[in-house]
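*Asks:* Following this message is one structure expressed as structure tokens.
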Amino acid sequence: MEKYHGKSTEQIIQKLMPGSVRSSVVMIWVVINFMILTPFLFPPTFTIYLYVILPFISIANIWGVWVFFYKPNEPRSVHILYNGFMGLTFSFGSFIVIQKIAYTFIKIETPLFFIVTFLL
Numbered sequence: 001m002e003k004y005h006g007k008s009t010e011q012i013i014q015k016l017m018p019g020s021v022r023s024s025v026v027m028i029w030v031v032i033n034f035m036i037l038t039p040f041l042f043p044p045t046f047t048i049y050l051y052v053i054l055p056f057i058s059i060a061n062i063w064g065v066w067v068f069f070y071k072p073n074e075p076r077s078v079h080i081l082y083n084g085f086m087g088l089t090f091s092f093g094s095f096i097v098i099q100k101i102a103y104t105f106i107k108i109e110t111p112l113f114f115i116v117t118f119l120l
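Sequential numbering from 1 applies to the sequence shown in this note's numbering.
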């Protein structure tokens, strides 16, 4: 802890973050868009699931373009916030994918399943 004594938060964050912001943004785009959007595009397609997750994916992709082109050399706090939002989007998207698979393929229609998966 002594190596961080007397330094500002921005100096500590810049030391801890990797130098290549662009490569991590591209990796996040590929992983999130492939893993979350692929189950929604294959039959049976129910648009209600897509309407729930699409605003979050759209905001994340627009923010990713902004971070990729405009802010790769700025303080890393923007990049940390972007990664946090992408983590929340991925978690919520995975929850919606699980609900779609459970209700359409496995035919689980009890509210208890929704409550248990929501709490987990």
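Ideal placement from N, C-alpha and C gives every residue a C-beta, glycine not left out. It should be emphasised that the depicted structure is a prediction, and the values quoted were computed from it without experimental measurement.
Just curious, the alpha helix (DSSP H) that Phe56 is in, first and last residue?
*Replies:* 47-69
*Asks:* Output needed for Val25: all residues of its chain with C-beta closer than 7 Å, excluding positions within five of it in sequence on either side, in chain order.
*Replies:* Gly64, Val67, Phe68
*Asks:* Is Thr110 helix, strand or coil by DSSP?
*Replies:* DSSP, reduced to helix, strand and coil, places Thr110 outside both helices and strands of the structure shown, so it counts as coil.
*Asks:* Using DSSP with H/G/I as helix, E/B as strand and the rest coil, what is Gly93?
*Replies:* Three-state result, Gly93: helix.
*Asks:* What number of angstroms, rounded off, separates the C-alpha of Thr41 from the C-alpha of Ser8?
*Replies:* Residue identity differs from the one stated: residue 41 is Leu in this sequence, not Thr. Cα to Cα, the separation comes out at about 46 Å.
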